[in-house]
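A short worksheet on the structure shown next.
Numbering (my numbering), first residue to last: 92 to 201.
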């Protein structure tokens with residue numbers, strides 16, 4: 092596949108990385124930090140997997156479809172956790188995670 096075919100997924104991963112990193116740092120400033128532990132953990136995990144996925148897509152790695160499936164699962168889990176919280180940074184992160192999960196599922200099926 093050509094890089095152009097991967098571009099939408101790469102962009103979704105990059106948006107998700109940004110949203111997860113912002114959510115992560117914002118969660119650390121919340122009053123009830125204990126309640127945000129799982130959100131913080133999943134933000135980091137999701138951002139890391141999205142970064143690896145975007146790099147692998149850009150390199151047209153042989154295992155990219157499997158990685159996209161894994162990334163979609165991580166994004167879905169992170170989005171589900173973020174959507175449990177009322178903070179705007181969590182809501183924005185959930186949106187980015189769900190969009191990335193959809194893009195990765197599309198890529199995995201290609």
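Positions of the beta carbon are idealized from the N, C-alpha and C atoms, including for glycine.
Because the structure is a prediction, the values reported are computed rather than measured.
State buried or exposed for residue 147, treating a residue as buried only when at least 16 other CB atoms are found within 10 Å of its CB. In the chain shown, counting from the first residue as 1, residue 147 sits at position 56. Burial call: buried.
Express the C-alpha separation of residue 191 and residue 170 in angstroms, rounding to a whole number. Residue mapping note: residue 170 aligns to position 79 of the chain shown, counting from 1. Residue mapping note: residue 191 aligns to position 100 of the chain shown, counting from 1. Approximately 10 angstroms, taken between the alpha carbons.
By alpha-carbon positions, which one of 165, 123 and 127 ends up nearest to residue 108? Residue mapping note: residue 108 aligns to position 17 of the chain shown, counting from 1. Closest option to residue 108, judged by alpha-carbon separation, among 165, 123 and 127: 165.
Please state if the CB of residue 121 and the CB of residue 127 are separated by a distance shorter than 8 angstroms. As a working mapping, residue 127 is identified with position 36 in the chain shown. As a working mapping, residue 121 is identified with position 30 in the chain shown. A contact, by the Cβ cut-off of 8 angstroms.
Own chain partners of residue 138 with C-beta closer than 8 angstroms, once the 5 adjacent residues on each side are dropped: What you label residue 138 is simply residue 47 of the chain shown in a count that begins at 1. Cβ within range, chain order: 107, 108, 111, 112 and 115.
Mark residue 151 as exposed unless 16 or more other C-beta atoms lie within 10 angstroms of its C-beta, in which case mark it buried. Sequence index remark: in the chain shown, residue 151 carries index 60 (1-based). Around the C-beta of residue 151, fewer than 16 other C-beta atoms lie within 10 Å, and the residue is accordingly described as exposed.
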